[in-house]
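Per the numbering used here, the very first residue in the sequence shown carries number 3; after that it's consecutive.
Even glycine gets a Cβ: it sits at the ideal position worked out from N, Cα and C.
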Amino acid sequence: MLHRTLLRLARIAYGDSSKCFNNDGTPIPIRELHPAERAMIASVDLDDGGKPTRIKFWNKNEALKELMKPLGLYERNNVQRSENLALQ
């Protein structure tokens, strides 16, 4: 389960959103996208005919922050904060 979660976050953080579009800028149909590209997509707005008008992607910065936590990259900051809280 942890591996799948980290993989999903890594796909969001490091994915290339340009792979979701054809050379002319039109969106590639969702079913034709690789799972790595589909993982980056948060939502798709469609027109009345069912064609995509807007694709919203998950926030890469938030995904990077979440990836840093299990790697212990916030550990130093967390220790500093708890020391400051103890002084107050």
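- A straight-line Cα-Cα distance of about 15 Å links D49 and K58.
- Taken atom to atom, the span from the alpha-carbon of D26 to that of G74 is near 42 Å.
- C-alpha of V46 to C-alpha of Y76: approximately 33 Å in a straight line.
- Relative to K21, the option among I32, G52, P72 whose CA is nearest is I32.
- Per the Cβ contact rule, the region 12-19 is in contact with the region 59-71 (3 or more Cβ pairs under 8 Å).
- When the alpha-carbon of K53 is set against those of A44, T28, N24, the nearest one is in T28.
- Within the model, the alpha-carbon separation for K62 versus R10 is close to 12 Å.
- Residue environment for M42: buried (at least 16 other C-beta atoms within 10 angstroms of its C-beta).
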